Structure formats: C-alpha cells, structure tokens
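Below is one structure, written out as structure tokens; the observations come after it.
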Amino acid sequence: MSQLLDPLHLPLQGSALIEASAGTGKTYTIATLYLRLLLGHGEPATPARQPEEILVMTFTRAATEELRERIALRLHEAIAALREGATDAPADPVLQRLLRDYPDPAARAQARTRLENAFNTVDEASIHTIDGWCHRVLREHSLSTGHDPEAEILSDSVPLRIQAVQDFWRRAIYPLHRAARWWLARIPDPETLRREVAELPWLDPPLPVPETPFDRWLEEAGAELLDACDALKGQWSDTLRYSYGAELQTLAVHQDYPLDRRSLPPAKIQDALRSLDRWCAEEDQFIPEAMETLGKLGALEDHCRGKKHAVILPSSPEFQRFLAALVQWQERSDRLYREALERAAADIAALYRKAKQDLRQLEFNDLGRILWAALRGPQGAALAQALRQRFPVILIDEFQDSSARQYAIFERIYRPHEPWPDTLMLLIGDPKQSIYRFRGADLDSYLRARAHTAPRHYVLGTNYRSAELLVEALNHLYQGADGRWPSGAFDYRDDDDDPLPYLPVAAAGRNERWQIAGRDGPVLTFAQYPEAMTKDAFLTHFADWTAATIAQLLGESDTG
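Numbering (our numbering), first residue to last: 205 to 764.
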C-alpha cells in the first residue's frame with residue numbers, strides 16, 4: 205500500500221519508489237530531496253552529500269537541463285531563506301518547515317555555506333541522461349569495461365544500417381537460385397528488407413549469427429516448400445480445373461443461383477477461378493490472390509440459400525483436400541519467412557557491428573550493452589562497488605521509461621531489493637505515462653522495481669496543474685473502472701494482487717472553469733463512431749477529429 209510522501213521525512217537511505225502522476229510536483233519534490241541530501245537533513249541521520257555524489261538521471265537531454273535549472277532555483281531559494289538577517293519567512297511551506305530544523309545561527313550558516321558551494325558548481329553536478337552516464341562510466345573505467353575510449357557516438361545510424369543491408373543483399377540474395385523467386389515475392393529490394401528487420405530486435409540484444417550461410421540455408425530449407433507449391437499448381441491445372449472448376453463456372457451462371465449473393469456472389473466465384481489460373485501461370489506467384497473466397501468455395505453448403513437449392517451444388521472432397529493443403533502451404537511459407545527474416549537480421553546486425561567497430565563508432569544502445577556486460581564479467585563486482593562509492597545516491601526520474609537493461613544495470617549496482625545501508629536509490633515515475641516502448645521502455649521493469657522496493661512505496665497525492673473538476677472527473681472515471689473490472693483499471697490485477705493500482709489524487713485548489721461560448725463546457729468529452737472500425741482507421745479518424753476540435757476551440761474568442 206502506497207503512503208503519501210512528505211518530502212521532509214522520507215528516509216534518505218535504502219531504496220524507495222515514488223509514483224508521481226502528471227502535475228503532482230515531481231520536479232519540485234526531486235529538488236527538495238536534493239536539498240536535503242546536500243544538508244544531510246532528516247532521521248535517521250544521513251551524511252551530508254557533495255553534489256558529485258548525488259547521481260540524478262532522467263530520460264532526455266531537455267529533461268536533464270530542466271532538472272538542473274529547477275535544482276539551482278531551489279538552492280537559490282533556500283540560500284535566501286537561510287541568509288543571516290533575513291526577516292521575511294519564505295512563502296514556500298516546505299522551506300518554512302525546513303528552517304525550523306535549523307534554529308541555531310551557526311547551524312544555519314553552515315547549511316547556507318554548503319548550499320552556496322553546491323549552487324556555484326551546479327553546472328558540474330551529476331545530472332545526466334542514462335545513456336550519457338553510461339558513456340561517462342565507460343570512458344572512466346575503460347580498462348575494466350573493455351571500452352574503446354576514443355570511440356565516437358554515432359549521431360545518425362541510418363546510412364550505416366543501409367550499408368549493412370546492402371552488403372547482406374549482395375552476399376546472401378544475389379547467390380540465390382530457385383529460392384530467389386520466393387524471397388523476392390516477399391522482399392523485392394534492400395529497402396523493403398531494412399524496413400522489415402527494423403521491426404525485429406536485431407540490434408539489442410544482438411542475435412547469434414547462424415553458422416550456415418544464408419543463401420545455402422534458404423535453398424535447402426525452401427526446396428521442399430517449392431516442390432509442394434509446384435505439386436499444388438499441377439493438381440489444379442491437370443485435374444481440378446477441368447472437373448470442379450468447370451462445375452463452379454457453370455454454377456456461377458446458373459439461372460437459379462443457389463448461393464447467398466451477399467456472402468458469395470457469382471462474380472466472386474469467377475474471380476477466384478481466374479486467380480487460380482493466374483497462380484498456376486505465373487512462376488513468381490506462390491499464393492492465389494482470392495484465398496478468402498477459395499475458403500468459401502470449399503464449404504458451399506454454408507452459403508446455400510436453402511435445402512432445395514443444395515441439390516445443384518458441386519461437391520468434391522478432392523477440392524477440399526486441395527484447399528486444406530493450400531492453407532497448410534501458406535502457413536509453412538509464413539513460418540519459413542519469419543525464420544528467414546530473423547536469420548537475415550542476425551547477419552545484418554553482425555555486418556552493422558563490424559562496420560561500427562571498423563569506424564570506432566558506437567550507438568547509444570551500445571553504451572548500456574557494454575556496461576551491462578562489464579558488470580556481469582570477471583571484474584563486475586569491483587566495478588559495481590566503485591560506482592556505488594562514487595555515486596552513493598541515485599535518483600532516477602521518469603523511471604517508467606527505463607529499459608529492462610537499464611534497470612538491470614542499476615539493480616546490479618544498488619540492489620534495491622536488499623539495499624546497501626550507506627546508499628540511497630530513489631525511483632520516481634508514473635507507469636500511466638510510459639510512452640517510449642518503441643525505444644525499449646519496459647513496464648515490466650517498473651513492476652519488477654515496484655516489487656523490489658515494497659513496502660517502501662510513496663505517492664505524490666496532490667495535483668497542482670489541473671482544475672478541480674478535471675481531477676475529480678478523472679478520479680471518478682478510473683476508480684469506477686478499478687472497482688468494476690476484475691483485472692483493475694489498467695488490466696494488471698490478478699485476484700488480490702494489483703501491482704499497478706489506480707491511486708487517486710487531490711486537487712490543489714485551482715477552481716478555474718472551462719468555458720465554451722461563455723458557458724461551462726464538459727470536463728471530459730466522449731466520442732464514438734456509429735460503425736465498427738479497424739484499429740488504423742480508428743486512430744486516423746479520431747486523431748483528425750481531435751485536431752479539428754482543438755483548432756475550432758482555439759479559434760473561438762469566447763472560449764477558454
């Protein structure tokens with residue numbers, strides 16, 4: 205069960221998870237905790253930390269600069285409040301409470317000196333992106349990590365990836381013989397291959413390179429599949445086309461058409477028969493175009509208008525076996541394609557790594573991979589200890605955007621499930637805002653960290669950004685879903701175990717009201733479409749609708 209966070213009484217040792225929903229003062233809280241760490245403030249007693257000992261991590265460069273600015277501002281405010289002769293009490297209630305813990309003038313002067321030193325060197329504070337910190341560690345510990353300190357970070361990897369795909373194409377696709385037609389029917393050119401392998405985890409982690417050359421493997425693996433395709437084409441051309449195909453052609457022009465014209469009109473039967481003829485005539489075609497209709501032709505009784513019409517339906521067990529074999533062939537072809545794509549990705553990844561190595565270049569993904577390998581290597585324990593001593597405190601902001609490997613690195617160093625007594629590991633984030641899964645962010649890592657830090661879970665319980673009505677509406681919406689659905693609001697609950705509960709927040713008192721054309725507008729708007737839609741159509745339609753609605757509201761002078 206999460207408890208409300210009091211930033212002045214959070215223990216500054218061990219490990220903890222702070223869930224901070226949007227608008228709840230996350231950056232303010234981090235800056236306050238940073239202030240306490242510099243002062244060694246709180247119980248149990250903790251040592252005062254130097255700025256270089258406090259490692260603050262976040263996801264983007266822009267976020268690191270914002271954090272640095274907010275920490276500097278917080279230091280400036282605290283210095284002003286601690287200054288000798290200051291008569292005005294600070295407006296910030298947290299600073300007011302903090303000052304009460306330093307009633308002695310000498311203690312205040314010492315605290316002010318510590319903060320002034322930190323303020324003067326804030327540009328050198330250990331505030332980094334995770335990738336930037338990994339790069340720094342690799343440079344400083346190049347001997348124990350095996351990192352090339354002269355390696356450059358690759359700012360644009362696309363040209364090198366294109367080169368790797370083209371090299372693979374020349375080495376592996378040009379030598380193909382019989383399997384070339386099957387491959388080119390799926391992947392006609394290197395650019396298509398590059399797009400396809402981009403969907404696979406072909407760089408991180410590296411896939412093992414197969415021992416058998418790709419062209420030889422594909423020729424051997426595809427030989428039986430291509431033989432089966434030729435046999436199926438021969439079966440249609442030699443027998444079924446002149447027997448069952450002729451009966452179907454007659455059925456399509458029958459004066460008393462026996463089938464449901466909505467589900468299987470005569471034109472579809474004729475199109476399906478023509479697609480089979482094209483399939484047989486064209487060497488580069490491996491699956492008939494009208495597979496959906498062909499499936500219906502194998503079960504004509506399901507589309508018959510009534511029993512009295514069923515007597516004129518052609519029936520052929522041989523054709524049904526032919527269709528079943530065709531579907532099975534398609535499934536085998538799809539499996540071979542997936543395996544071929546993974547093998548191609550492994551070969552391309554190896555060529556890509558070799559090209560980077562020759563050029564002494566690295567990607568950001570490589571930084572975490574090299575550090576993680578070093579932490580698991582023979583000198584991993586010593587490296588972890590050195591990093592722990594160098595950075596006894598770590599605060600990871602936007603933790604929900606961390607990848608599994610990034611969390612594994614910090615888990616190996618700081619042991620959040622059984623933390624070192626002289627270290628602090630704080631994870632701050634909001635799983636509802638995990639949007640970088642395409643870049644490796646892993647919500648399962650968040651849940652793993654949540655289990656490791658139990659029961660040291662805290663929540664920022666007040667929203668300072670949104671109007672009261674909006675906060676109330678969202679609480680009502682999500683709490684209703686949480687109580688109504690067995691799997692919880694976010695579909696993670698399993699019986700009594702809910703690793704991702706909805707935690708309601710209070711509103712800080714902003715009472716502005718949303719006005720449209722001079723009248724109160726709705727807090728939330730629900731929109732629906734009158735017909736069923738595919739996912740892509742849904743996203744496109746409602747993205748357009750949302751953008752148009754926002755543009756309309758912005759254009760109205762009496763809205764706001």
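Positions of the beta carbon are idealized from the N, C-alpha and C atoms, including for glycine.
Being a predicted model, the structure only gives us computed values, none of them experimental.
- Looking at Arg619, Pro635, Gln637, Gln593, the one whose alpha-carbon comes closest to that of Met629 is Arg619.
- The region 535–619 is shown to contain whole alpha helix (DSSP H) runs of 4 or more residues at 568–580, 584–594, 608–618, in chain order.
- Note that the C-beta distance between Leu599 and Ile617 is not below 8 Å.
- In the DSSP assignment, Ser479 falls within the alpha helix (DSSP H) that extends over 470–485.
- Proximity of the region 528–537 to the region 352–363 falls short of the contact definition, fewer than three beta-carbon pairs being nearer than 8 Å.
- Between the C-alpha atoms of Cys338 and Pro659 there is a straight-line separation of about 29 Å.
- Of all C-beta pairs linking the region 323–337 to the region 252–266, three or more are shorter than 8 Å, placing the two stretches in contact.
- Distance between Ile613 and Arg318, taken at the CA atoms: about 31 Å.
- Listed in chain order, the beta strand (DSSP E) runs fully inside the region 367–415 amount to none, counting runs of at least 3 residues.
- Beta-carbon to beta-carbon, Leu277 and Arg240 are separated by about 16 Å, too far to satisfy the 8 Å threshold.
- For Thr729, there is no enclosing beta strand (DSSP E), since its DSSP letter is neither H nor E.
- Between Glu602 and Gly633 the beta-carbon gap is near 6 Å, inside 8 Å, which marks them as a contact.
- CA-CA distance, His213 to Ala553, rounds to 50 Å.
- With fewer than 16 other beta carbons inside 10 angstroms of its own, Ser691 counts as exposed.
- Non-local C-beta neighbours of Asp488 in its own chain, meaning closer than 8 Å and more than five positions away in sequence, comprise Arg385, Leu388, Ala389, ordered along the chain.
- The beta-bridge partner set that DSSP reports for Gln719 consists of Asp724.
- For the pair of segments examined, the region 243–251 was found not to touch the region 648–668: the number of CB pairs separated by less than 8 Å stays below three.
- Taking C-beta separations shorter than 8 Å and ignoring five residues to either side along the sequence, the partners of Leu237 in its chain run Pro211, Leu214, Leu216, Leu599, Leu630, following chain order.
- Straight through space, the alpha carbons of Ala741 and Asp686 are spaced by roughly 29 Å.
- Cβ-Cβ distances below 7 Å link Leu555 to Ala368, Asp371, Phe372 in the same chain, with the five nearest sequence neighbours on each side left out; the list follows chain order.
- The beta carbon of Phe490 sits closer than 7 Å to those of Trp386, Ala389, Cys433, Ser537, all from its chain and outside the five residues before and after it, given in chain order.
- With fewer than 16 neighbouring CB atoms inside 10 Å of its own CB, Ile366 falls in the exposed class.
- Here DSSP, grouped into helix, strand and coil, assigns Met737 to coil.
- By the 16-neighbour rule on beta-carbons within 10 angstroms, His745 is exposed.
- Annotation for Val663: the continuous beta strand (DSSP E) segment containing it runs 661–663.
- Judged by their CB atoms, Tyr682 and Ala693 are nearer to each other than the 8 Å cut-off.
- Following the DSSP letters along the chain, one finds Gly502 in no beta strand (DSSP E), marked with neither H nor E.
- The C-beta of Asp570 has 16 or more other C-beta atoms within 10 Å across all chains shown, which makes the residue buried.
- Boundaries of the alpha helix (DSSP H) harbouring Gly684: 672–688, taken from the DSSP string.
- In this model, Val709 and His507 are separated by some 56 Å (Cα to Cα).
- A contact is defined here as three or more CB-CB pairs under 8 Å, and the region 420–436 meets this definition with respect to the region 376–384.
- When the Cα atoms are used, Glu223 and Ser606 turn out to be separated by approximately 15 Å.
- Cα atoms of Ala235 and Arg274: separation of roughly 7 Å, rounded to the nearest angstrom.
- Taking 8 Å as the cut-off, the Cβ atoms of Tyr448 and Pro518 count as close.
- Gly722 and Ser761 have their C-alpha atoms roughly 10 Å apart.
- Excluding five sequence positions before and after Gly725, the CB atoms of its chain that fall closer than 7 Å to its own CB belong to Trp718, Gln719, given in chain order.
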